[in-house]
Structures are given as structure tokens and as C-alpha cells.
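Report on one structure; see the data block that follows.
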Amino acid sequence: MTQSTMMVARLPLLAALMAWQGAAAPSADRVDALPGWDGALPSQWWSGYVNVSGAFGEASMHYVFVESEGDPSTDPVILWSNGGPGASSLFGLLVELGPLLLNDQSLAGDAYEQTGVPTLFYNPSAWTRLGSVLLFDW
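Quick note on the numbering used here: the sequence shown kicks off at 5 and runs consecutively.
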């Protein structure tokens, strides 16, 4: 499959995501806590699956939606997808642009030694300071 064919194949999926943006996320997809982070999340999170269909059949696509830390009703929605096969968008969220990051220090300290759960750190440069982030894995 050529790169342009792959992009055309993804257009129905992108259209489904854009339509979903205007709808409320299912309450069952709400994330209230994350391992490695004590306390309330910096903003509201959702994680779940969206069923999509197109010329290449049907699929369930995983999404994570992290609301803006500012004003989600007026802040933009930033669409994020890591590139390449096998490159999960969660990687980008948790090591690059998200409000909570994993880094070398995540595997150090008493909490990790006692639980084996990496520690999350607040990211003051998170994209969620500018807008809500919608990420997906194809």
C-alpha cells in the first residue's frame, strides 16, 4: 500500500474522530486515577474505543482524550498521532507532550522500589496547558 493510499484509507477514521469530537465521551471511558500519580489528575481524561468503518472494513480504534487545563469549552482540540507501525500515541503522551510524564526518575525512589510502579511527573510544558489533546492509535 502506498503512502497516499494509506492516507485515503485513514480519511474515514479521521472523519469519525472529528464527528466524535462534538459528542460527549462515554462516562464508562472516564479515567479518574493513574498508577504512579498520587492525587487528582490535572484535568479530565477519557480512554476507550471508537468503532469506525470505511472502504477497508471495520475497526475499533483506541483513543485517549485529555481535557485542557485551561478552559476546555473554548480552548482548541489538538489531534495527535505518532507515526509508523507499532508507534503508539501513548508513547508521545507519556514522554513528550502530556500533562503527566514518565522519565528516568520514574524508576527511582522508594515508591518504585516498594510497588514496581513507575512514578509520573507533572509536565509544566504540557500541550494540555494550551488545549485539549485527542490521540488515537490506528
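Ideal Cβ placement from N, Cα and C applies to all residues, glycine included.
Since the model is a prediction, treat every value here as computed from it, not as a measurement.
Put simply, the stretch 123-142 touches the stretch 69-88. At least three CB pairs are less than 8 Å apart. For L105 against P122, the beta-carbon gap comes to about 10 Å, at or over 8 Å, which does not count as contact. The stretch 113-133 makes contact with the stretch 36-55, as at least three CB pairs between them are under 8 Å.
Excluding residues up to 5 positions away in sequence, S136 lie with their Cβ nearer than 7 Å to the Cβ of P76 in the same chain. From the listed residues D114, E117, S64, L98, the smallest Cα separation to S129 is found for L98.
The criterion of a C-beta distance shorter than 9 Å is not satisfied by G88 and N127. For W41, the three-state secondary structure derived from DSSP is coil. In this chain, the beta strand (DSSP E) harbouring D141 covers 136-141.
Around the Cβ of S93, a 10 Å sphere holds 16 or more other Cβ atoms; the residue is buried.
Looking at the DSSP output, G61 shares a beta bridge with G58.
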